[in-house]
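Chemist: Have a look at this one.
Protein chains: 2
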Amino acid sequence: MTSSKKDPMAAFHARLQEAGLKSTRQRDTIAETFFELDAHISVEELLVEARKKAPRIGYATVYRTLKLLVEQGFAKTRRFDDGQTRFDPQFDKSQHDHLICVDCRRIIEFDDDAVMDRLREVARGHGLVLRGRNIHIYGQCPDVDCVHRGA
Amino acid sequence: MTSSKKDPMAAFHARLQEAGLKSTRQRDTIAETFFELDAHISVEELLVEARKKAPRIGYATVYRTLKLLVEQGFAKTRRFDDGQTRFDPQFDKSQHDHLICVDCRRIIEFDDDAVMDRLREVARGHGLVLRGRNIHIYGQCPDVDCVHRGA
DNA sequence: ATCTCTGCAAACCATTTGCAGCTCT
DNA sequence: AGAGCTGCAAATGGTTTGCAGAGAT
Chain G
322 MTSSKKDPMA
332 AFHARLQEAG
342 LKSTRQRDTI
352 AETFFELDAH
362 ISVEELLVEA
372 RKKAPRIGYA
382 TVYRTLKLLV
392 EQGFAKTRRF
402 DDGQTRFDPQ
412 FDKSQHDHLI
422 CVDCRRIIEF
432 DDDAVMDRLR
442 EVARGHGLVL
452 RGRNIHIYGQ
462 CPDVDCVHRG
472 A
Chain C
322 MTSSKKDPMA
332 AFHARLQEAG
342 LKSTRQRDTI
352 AETFFELDAH
362 ISVEELLVEA
372 RKKAPRIGYA
382 TVYRTLKLLV
392 EQGFAKTRRF
402 DDGQTRFDPQ
412 FDKSQHDHLI
422 CVDCRRIIEF
432 DDDAVMDRLR
442 EVARGHGLVL
452 RGRNIHIYGQ
462 CPDVDCVHRG
472 A
């Protein structure tokens with residue numbers, strides 16, 4: 322149900338065909354760029370990159386393509402607190418959460434089974450089956466002289 | 322440093338004075354209403370309630386007052402996925418997280434020590450001290466006939 | 001008297017949408 | 001040919017801001 326890490330574009334094309342949607346130059350450029358880039362990309366960042374390959378691409382197309390990628394399971398929406406929506410490519414079923422440094426705002430990904438097991442129990446305790454999660458934790462370097470302090 | 326549950330308004334007034342800010346009819350009405358209402362209130366909801374007491378209150382004043390409450394530690398910002406920012410009163414230092422039912426969107430609060438202990442370790446594992454968190458988990462009723470299904 | 005607030009309307013900014021023309025299949 | 005797609009510009013919707021008048025200390 323999710324794209325293989327090896328060739329997300331092939332999986333993407335297969336899905337488009339399945340859904341009766343078209344593969345276009347712009348759509349492919351945007352999707353390709355998206356899969357190549359780091360995670361946590363904003364629409365603006367993706368647009369800038371995509372325009373290096375196809376300068377006439379517009380905002381609306383990037384928004385529409387990302388929406389499509391999310392709907393089809395190739396991307397995941399992330400909302401941090403910078404006012405923009407960001408997106409992560411989703412190559413397989415694995416999920417991850419985020420540890421954000423309050424000093425330098427760098428984002429560290431993690432996925433911890435013990436946490437998830439416990440959260441499953443919490444949900445169960447309220448009569449629900451855990452279906453998803455969105456975990457942001459914030460951390461700070463204990464070293465006052467940390468290069469990141471105040472960044 | 323945080324308001325007492327008994328009399329948040331007194332604490333609020335004290336803080337205003339400390340900061341050289343003024344206590345006004347509108348500000349008080351909004352803050353009072355905010356402390357009386359349930360958690361996870363949106364600006365719009367708060368405005369509607371506040372207008373029952375003071376009909377001429379405007380959007381901007383509600384936004385400004387909430388911003389003030391957050392800055393002064395009396396409220397906490399919450400972003401779920403409905404496009405609006407919501408706010409929780411913050412009566413003491415306790416934090417809580419959210420379990421959201423994917424069927425009926427009801428929001429259940431929880432606070433689990435085992436989860437927090439484990440997250441503290443995760444942060445520590447990356448060289449950081451845990452300073453905050455924002456955890457949303459999504460759950461679904463296991464009963465297919467649940468009244469909430471499809472809600 | 002002075003400095004802060006308020007209400008209104010306009011401005012902002014991220015995101016969405018209508019539409020005419022273009023591109024896939 | 002026909003359905004879907006693109007780019008543009010305009011619309012949207014939540015949130016912020018400028019300003020002139022009102023209110024608090």
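So the sequences go chain by chain: G and C.
In case it helps, this note's numbering puts the first sequence at residues 322 to 472.
In case it helps, this note's numbering puts the second sequence at residues 322 to 472.
Cβ coordinates follow ideal geometry from the N, Cα and C atoms, glycine included.
1. Would you mind stating whether G/Gln-347 and G/Ala-381 have Cβ atoms separated by less than 8 Å?
2. What is the C-beta distance between G/Ile-428 and G/His-361, in whole angstroms, given that I count them as a contact (C-beta under 8 Å)?
3. Have a look at G/Glu-366 and G/Arg-399 and give me their C-alpha separation to the nearest angstrom.
4. Got a sec: which bits of the segment 359 to 388 of chain C sit with their beta carbon under 9 Å from any beta carbon on chain G, in order along the chain?
5. Using 8 Å as the threshold, is the segment 448 to 458 of chain G in touch with the segment 455 to 463 of chain C, meaning 3 or more CB pairs across them?
6. Is the beta carbon of G/Gln-416 less than 8 Å from the beta carbon of G/Gly-394?
7. Could you say which of C/Tyr-384, C/Asp-432, C/Glu-353, C/Glu-357 lies nearest to G/His-447 if we only look at CA atoms?
8. Are the C-beta atoms of G/Asp-409 and some chain C residue less than 8 Å apart?
9. Measuring alpha carbon to alpha carbon, tell me which residue in G/Thr-406, G/Gly-379, G/Val-383 is nearest G/Glu-353.
10. CA-CA distance, G/Gln-338 and G/Ile-378?
11. Using a Cβ-Cβ cutoff of less than 8 Å, which residues in the same chain neighbour G/Thr-406 once the five nearest sequence positions on both sides are dropped?
12. Taking just the CA atoms, how far does G/Gly-404 sit from C/Gly-404?
13. If I follow the unbroken beta strand (DSSP E) through G/Gln-461, where does it start and stop?
Modeler: Looking at the coordinates:
1. No; because the gap between Cβ atoms is not below 8 Å, this pair is not in contact.
2. 6 Å
3. 14 Å
4. none
5. yes
6. no
7. C/Asp-432
8. no
9. G/Val-383
10. 22 Å
11. Ser-363, Val-364, Thr-398, Arg-399, Arg-400
12. 11 Å
13. First-last of the beta strand (DSSP E) with G/Gln-461: 450 to 461.
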